[in-house]
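Take a look at the structure below.
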Amino acid sequence: MKRETLDVKRQVWMASLFLFVAVLSQPWMPVYAQYDGQTKKTLPPPQDVRAFDTPSDGGGSLTVVWAPAPYDSAATKYQILLSDGATVADPAAMKVVAEFPANQHYVRESKWPWWTRPATGDQHQFTLRNGRGVELKDGIVYSITVAAVLSDDRGIAQPVQATAQPNWMNWNQINNLLLALLFGGIVFYAISTARKREIFLRRIPGLDAVDEAIGRATELGKPILYLTGAHDMSDPSTIAAAVILGRVAKRTAAYETELLVPHRDPITMAVCQEITKQAYLEAGKPDLYKDDSNFFITSDQFSYTAAVDGIMLRKKPAANFFMGAYFAEALLLTETGASTGAIQIAGTDSDHQLPFFVTTCDYTLIGEELYAASAYLSREPVQVGTLRGQDIGKALILGVLGVGTILATLGVLLDAQWPQLFLDVFKDVK
Amino acid sequence: MTFAERMLKIDRRIIFLVIGLCTLLPLLYPVGLPIKISPEVRGVYDYIESLPEGSVFLLSLDFDPASKPELHPQAISLLRHAFRKNLRVVAMTLWVSGTGMADQVVTQVAREMGKESGKDYVFLGWSPGGTAVIINMGQDLYGAFPADYNGKPTKGMPVLQGIANLRDVNYAISLGAGNPGVEAWYVFGKDKYKFELGGGCTGVMAPGLYPLLRSGQINGLIGGLRGAAEYETLIGQKGKAIAGMDAQSATHLAIIVLVIICNLFYFSMRRQATQQSRSGA
Amino acid sequence: MIFLRRQVPLLITLITGLVFAAQYYVPHPASEQMLTSVTKWLQIIGGFALVLGVSSLFHVHAMKIRRKEAGWGYSFVLYVSMLGTIAIGLWSNGKEAVDGTMTAFGWIYNFMMVPLQGTMFAILALFIASAAYRSFRARSREAAVLLIAAVIVMMGRVPLGEYLIPLSGDLSQWILNVLNASVRRAILIGVSLGTVALSIKIIFGMERSYLGGGKE
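Protein chains in written order, with our numbering: chain A, 137 to 566; chain B, 71 to 351; chain C, 34 to 249.
This is the structure:
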């Protein structure tokens, strides 16, 4: 028994010794670095390096992607190396154009939407652009590579070639284009529907206030002052103001009340003159129409304001209408009007002046109530249809906001990427 | 007329007098209360602090003399900060009526900080077109401004070396009093040419720019005289904004007291009317 | 004539509108070059618009002086001021200062325009106070909410307010960053949709009021 135990022990020792030698002889044991000139090659170079022209841009840019590595950390750095031409004699001599910690610059952090992403989210990516010390010309072949650096160690991947080119389409913003086309389609559809049948519009409460103000001015025998705002006829608020002027002019014609409409823009004045003339014609009082009821003062903000304030203090109109876009002059106008005891109705989409109008006017049409009021009054299919189209657009946006919030929350809670498929569709990629 | 009714219909000139005194007295006898820095102003300050020497800083003074009290101190503080950091300052304006004022402030601060025109800074002046100027600068700065405000050719100027267009600008700030202003610089500038953008504006416009701030479209916002005072505090150089804060404090407090008094009289009048109607019934 | 006055402008609007809407999605340098050329034209036309504005002012006030309408004296003062400023501006080469010395044009700018514009803007401070005294009454629940929010923000935006009520600073920040930002965003979305819809209508000729004159 004792002899057999001794034999077993000798066999175990022999086996252990054999195993130890076998392990030591394996080539994957990096006991000491191998030197190539001055650089240690212990750090494996980045893998799967690909370089290509940055898509959807105006040229002068290249993008590099490469696989993540086990040594990705703040201590390790990646360097992007660039040189002209297709052949590279010594990759180590290439110019370093960028350097950053190895735990940065992932595809998932970039702003690319899912339909243009060049690689999976876990891959590294870096975009080189012409300028700021980097020269990248279109049509010229460049060699580009990535090096990993840790202390004195440096691993350089095999250089790859790429050529920058300008592109004809920005595919990152295709969602923007499709949504714009969708909204345009909705507006056209709504306008064509409005041409075929009547679309219901709820009565805007501010319009009752307009009628009341005109009635009060007539009772007092004082004029009505109507302002169309600071912008020109290309602004939706000025167009809405001009339409409401038509209604006011029709009433003033019927009641034979004086109408004063000072303007800041000559073209707006010309348009409003036509509208007022037409209104007087429709009211059956063409002889009462006065050409200079619409008059041009100046386009300068405060000069105009001073002139209108003077008109308010001298003529003391019983009703003041402030329709359109306004800036700092809003409070100057409305407070002066309030001091004369006039009834004041405002309608504006200038949200920064809304607090002043709300506090100083008897009634205020806020934002789109102004557009809605003009559509309600004119009943033109184009105006009504546009309003409906905008309402549908807003309903869609509301729906997207609701669904998007739920999906984004789910994505965070479940640490999932799939909600991004929906969210990216409504993202504006810069 | 009851006392409450008389007080509610008080002559506006008495209110004007109160406000006038509240503005004037603190300017004559300043108090100097500490000013808390808001994150939006700190956003602008920190970004300029982070810029290395020689970075290109574009300052667009898009306001006229009407907005001078609020935006002039902002411009002075930003220029002092930029010159102290030895940034290359490119100043300009999109408002024709503000050109003289913009030239004065840039020249004044540059002289104070010992900076040389053409070498450390340039004032490009005004060019017609508003937002079209921004687009043109985005393509070719020298095309939009072939010469500076003093008529010197911009091409070859040391301060503009290496700058071809807006893409080469490291940081741009628009001090806007209206349109064109901060929004125009974002829509036609940053959206296309991808430079970092900050904003300064009058107090009344500031709330309207918070959506841009919250979404990261601008990285900071200096709002009104308060914002200018915060910036003066950050750079450690007191100016008209800090001096004006005492007056603004007194005025705000006066308005609040007036509003409270007005509401007290209003409720007193309503109670009297209710009591009268009850006794009448 | 109708063709030139109506159809041609509409055709130009349609083509340029579609081209420049598409330009936004084309990053190629040729597209950017086209945009630059057009914006240069815009700058040139913008310069002309200044001249047009001045000449229309001249015309309007000349008529007033000739007809001796009510207030024609002010028109005369405007004429003298405008011509005087133009003459001095040309004489000073458009410069407010030369080598640190103020020119006559600079004198007009600094001692007339700046104080006058500043005065108009400064009146706002007084008007805000009188408007607030007249209107900030808690007539209803909504008015009371508006009143309280206004008081908090007014306190929080000045050092004295933050000193007296330290919480007002943080509260006003929250009101501005959360409540205000969300509502402004909503208004911005609505107004932007309106602007996009109007632009589409103008491009496709459904909205023609910018051409001047009435409907057809």
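C-beta atoms are modelled at their ideal positions from N, C-alpha and C, and glycine is treated no differently.
Checklist entry - Among residues of its own chain, excluding the 5 on either side of B:G189, which ones have a beta-carbon nearer than 7 Å to its beta-carbon? => result In the sequence under discussion, the amino acid at residue 189 of chain B is Lys, which differs from the Gly named in the question. The residues P228 and V229, in chain order, have a CB closer than 7 Å to that of B:K189 in the same chain once the five nearest residues on each side in sequence are set aside.
Checklist entry - Would you say C:K234 reaches chain A, if we count a Cβ-Cβ gap shorter than 8 Å as a contact? => result Cβ-Cβ to chain A under 8 Å: yes for C:K234.
Checklist entry - Taking DSSP as the reference, what is the three-state secondary structure of A:D274? => result Annotated three-state conformation of A:D274 is strand, per DSSP.
Next on the checklist: With H, G and I counted as helix, E and B as strand and the rest as coil, what does DSSP make of C:D132?
Outcome noted: Here C:D132 sits in coil by DSSP.
Checklist entry - For A:G173, which three-state DSSP category applies? => result Confidence at A:G173 is low in this model, with a pLDDT of 43, below 50, so its placement is unreliable and the value that follows should be read with caution. Of the three classes helix, strand and coil, the one that applies to A:G173 here is coil, per DSSP.
Checklist entry - Just the Cα atoms here: how many angstroms apart are B:V329 and A:D485? => result CA-CA distance, B:V329 to A:D485, rounds to 27 Å.
Item to check | Separation of A:P372 from A:R331, as counted between CA atoms | outcome: Straight through space, the alpha carbons of A:P372 and A:R331 are spaced by roughly 21 Å.
Checklist entry - What first and last residue would you give for the beta strand (DSSP E) that runs through B:D116? => result No beta strand (DSSP E) contains B:D116, which is instead part of the alpha helix (DSSP H) from P109 to S120.
Item to check | Counted within 10 angstroms of its Cβ, other Cβ atoms place C:H92 as buried (16 or more) or exposed | outcome: Exposed, because fewer than 16 other Cβ atoms sit within 10 Å of the Cβ of C:H92.
Checklist entry - Out of curiosity, what's the CA-to-CA distance linking A:K452 and B:V88? => result Approximately 27 Å, taken between the alpha carbons.
Item to check | Buried or exposed (CB count within 10 angstroms, at least 16 for buried), C:N126 | outcome: C:N126 comes out exposed.
Next on the checklist: Along the chain, where does the beta strand (DSSP E) containing A:H399 start, and where does it finish?
Outcome noted: First-last of the beta strand (DSSP E) with A:H399: L395 to H399.
Item to check | First through last residue of the beta strand (DSSP E) which encompasses A:Q294 | outcome: Note, A:Q294: premise wrong, no beta strand (DSSP E); not H, not E.
Next on the checklist: If we define contact as Cβ-Cβ less than 8 Å, is A:D189 a contact residue for chain C?
Outcome noted: Output row for A:D189: interface = no.
Checklist entry - My guess is that A:W307 and A:S192 are in contact by the Cβ rule of under 8 Å, so how many angstroms apart are they, rounded? => result Right, their Cβ atoms sit about 5 Å apart.
Checklist entry - What are the complete alpha helix (DSSP H) segments, minimum 4 residues, inside the segment 213-247 of chain B? => result The DSSP assignment places no complete alpha helix (DSSP H) segment of no fewer than 4 residues inside the segment 213-247 of chain B.
Item to check | Same chain only: Cβ atoms within 8 Å of B:I118, ignoring 5 sequence neighbours per side | outcome: Cβ within range, chain order: F127, L148, H151, A152, K155, L157 and Y241.
Item to check | Residue environment, C:L200, which counts as buried when at least 16 other CB atoms sit within 10 Å | outcome: Here C:L200 is exposed, its C-beta having fewer than 16 other C-beta atoms within 10 Å.
Checklist entry - So what's A:P237 in DSSP terms, helix, strand or just coil? => result Of the three classes helix, strand and coil, the one that applies to A:P237 here is strand, per DSSP.
Item to check | chain B contact residues for A:H488, given Cβ-Cβ distances below 8 Å | outcome: V274, M275, P277 and G278, listed in chain order.
Checklist entry - C:F239: buried (16+ other C-beta within 10 angstroms of its C-beta) or exposed? => result Residue identity check: residue 239 of chain C is Met in the sequence provided, not Phe. With 16 or more other CB atoms across the displayed protein chains lying within 10 angstroms of its CB, C:M239 is buried.
Item to check | Per DSSP, the bridge partner or partners of B:E266 | outcome: According to DSSP, B:E266 bridges with B:Y241.
Checklist entry - Does DSSP put A:W248 in a helix, in a strand, or in coil? => result In this structure, A:W248 counts as coil in the three-state DSSP scheme.
Checklist entry - Quick one: is B:R262 buried, meaning 16 or more other Cβ sit within 10 Å of its Cβ, or exposed? => result This sequence places Lys at residue 262 of chain B; Arg is not what is there. Burial is judged here by how many other beta carbons sit within 10 angstroms of a residue's own beta carbon; B:K262 has at least 16 and is buried.
Checklist entry - Hey, does C:M145 have any beta-carbon neighbour from chain A nearer than 8 Å? => result No, because no Cβ of chain A sits closer than 8 Å to the Cβ of C:M145.
Checklist entry - Are the Cβ atoms of C:F160 and A:L543 separated by less than 8 Å? => result No.
Next on the checklist: Are the CB atoms of A:T476 and A:M448 within a distance shorter than 8 Å?
Outcome noted: Yes, they are a contact pair.
Item to check | CA-to-CA distance, B:T177 to C:I235, given in whole angstroms | outcome: Taking C-alpha positions only, C:I235 is separated from B:T177 by approximately 45 Å.
Item to check | Sequence-distant residues of its chain with Cβ nearer than 8 Å to A:Q301 (five each side left out) | outcome: If we look at A:Q301 and ignore the five residues flanking it on each side, its Cβ neighbours are D189, G195, D274 and G275.
Checklist entry - Taking the C-alpha atoms as reference points, what is the distance between A:Y462 and A:D527? => result Approximately 24 Å, taken between the alpha carbons.
Checklist entry - Given that B:Q318 touches chain C, what residues does it touch there, using C-beta distances under 9 Å? => result Near B:Q318 (Cβ distances below 9 Å), the residues of chain C are R190, V191, P192 and L193.
Checklist entry - What residues from the segment 225-246 of chain B come within 7 Å of chain A, judged by C-beta to C-beta, listed N to C? => result Of all residues in the segment 225-246 of chain B, R237 and D238 have a Cβ within less than 7 Å of some Cβ in chain A.
Item to check | Residues of its chain near A:T252, where Cβ-Cβ distance is below 7 Å and the 5 sequence neighbours each way are ignored | outcome: P191, S192, W307 and N308.
Checklist entry - Just to confirm, are A:T441 and A:E465 a CB contact at a threshold of 8 Å? => result Result yes, Cβ atoms of A:T441 and A:E465 sit closer than 8 Å.
Item to check | Cβ neighbours of C:A176 in the same chain (closer than 7 Å, five flanking residues each side left out) | outcome: Contacts found: R170.
Item to check | Among B:E110, B:F73, B:F193 and B:L97, nearest to C:W207 - alpha-carbon criterion | outcome: Comparing Cα-Cα distances from C:W207 to each of B:E110, B:F73, B:F193 and B:L97, the minimum goes to B:E110.
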